[in-house]
Amino acid sequence: KQEVTQIPAALSVPEGENLVLNCSFTDSAIYNLQWFRQDPGKGLTSLLLIQSSQREQTSGRLNASLDKSSGRSTLYIAASQPGDSATYLCAVTPKAAGNKLTFGGGTRVLVKP
Amino acid sequence: DTAVSQTPKYLVTQMGNDKSIKCEQNLGHDTMYWYKQDSKKFLKIMFSYNNKELIINETVPNRFSPKSPDKAHLNLHINSLELGDSAVYFCASSQVLRLAGQETQYFGPGTRLLVL
Chain V
-8 KQEVTQIPAA LSVPEGENLV LNCSFTDSAI YNLQWFRQDP GKGLTSLLLI QSSQREQTSG
52 RLNASLDKSS GRSTLYIAAS QPGDSATYLC AVTPKAAGNK LTFGGGTRVL VKP
Chain C
2 DTAVSQTPKY LVTQMGNDKS IKCEQNLGHD TMYWYKQDSK KFLKIMFSYN NKELIINETV
62 PNRFSPKSPD KAHLNLHINS LELGDSAVYF CASSQVLRLA GQETQYFGPG TRLLVL
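Line order of the protein sequences matches chains V and C.
Using the numbering used here, you'd call the opening residue of the first sequence number -8 and step up by one each time.
Using the numbering used here, you'd call the opening residue of the second sequence number 2 and step up by one each time.
Written as structure tokens, this is what we have:
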């Protein structure tokens, strides 16, 4: 059974510092891995999708890497801003489960001005 | 223009009541989902419909019954509500592509259900 873990559960950094969020998964047979952002009281917004054949994806200040063999992904957010404060969730689509996303518990990020 | 919308946004009700949550997507997607986010913030899939057909049904109590009148709508009806049903329920949609692994799911804003 696929399990997704995110460490740390919470992170607080001063503005301008780079953020590093970790995600690990137990079964490497996945179609893709996605990073989402969730703001309090809001839905999820997809940030990056990395297909299983890819090593990384970049969008603006965000960069996500994927090491499928070791079951790890890292989301880097460069030069953090207070507006980056949110909960970041990673999710994998296991090959054995069709299009069913399996989520980690999230990392709650606070960027202090 | 809201891509995936849910109603109501908040729902407070008594134990034993029956309630429904509605979801609509205007993205032209063929697949819709219901997720439950518990108090510990873990998101877990409940159901998935593709072209109005049920394709994923996680071990959810049969008090929960999804209904998809058409591709753009997936409603969730809950009978005999229990305290443990209190959670945030998210609807999502995606377009299944020929090459698996490329779909992004788009989420609604969530419905916060509180059972007293």
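Heads up, the beta-carbon is just placed ideally off N, CA and C, and yes, glycines get one too.
Length of the line joining the Cα atoms of residue i and residue j
i: residue 116 of chain C; j: residue 82 of chain C; result: 7 Å
i: residue 72 of chain C; j: residue 103 of chain V; result: 43 Å
i: residue 47 of chain V; j: residue 83 of chain V; result: 15 Å
i: residue 62 of chain V; j: residue 15 of chain C; result: 43 Å
i: residue 11 of chain C; j: residue 112 of chain C; result: 6 Å
i: residue 12 of chain V; j: residue 38 of chain C; result: 21 Å
i: residue 6 of chain V; j: residue 50 of chain C; result: 42 Å
i: residue 66 of chain V; j: residue 18 of chain C; result: 43 Å
i: residue 24 of chain V; j: residue 54 of chain V; result: 13 Å
i: residue 70 of chain C; j: residue 78 of chain C; result: 13 Å
Three-way DSSP call (helix, strand, coil) for residue i in this model
i: residue 33 of chain V; result: coil
i: residue 23 of chain C; result: strand
i: residue 93 of chain C; result: strand
i: residue -1 of chain V; result: coil
i: residue 53 of chain V; result: strand
i: residue 88 of chain C; result: strand
i: residue 73 of chain C; result: coil
Top-ranked residue by Cα proximity to residue i, from the options
i: residue 109 of chain C; options: V/12, V/28, V/87; result: V/28
i: residue 14 of chain V; options: V/35, V/26, V/69; result: V/26
Counted within 10 angstroms of its Cβ, other Cβ atoms place residue i as buried (16 or more) or exposed
i: residue 95 of chain C; result: buried
i: residue 104 of chain C; result: buried
i: residue 13 of chain C; result: exposed
Integer-rounded CB distance, given that residue j should sit under 8 Å from residue i
i: residue 48 of chain C; j: residue 57 of chain C; result: 6 Å
i: residue 23 of chain C; j: residue 7 of chain C; result: 7 Å
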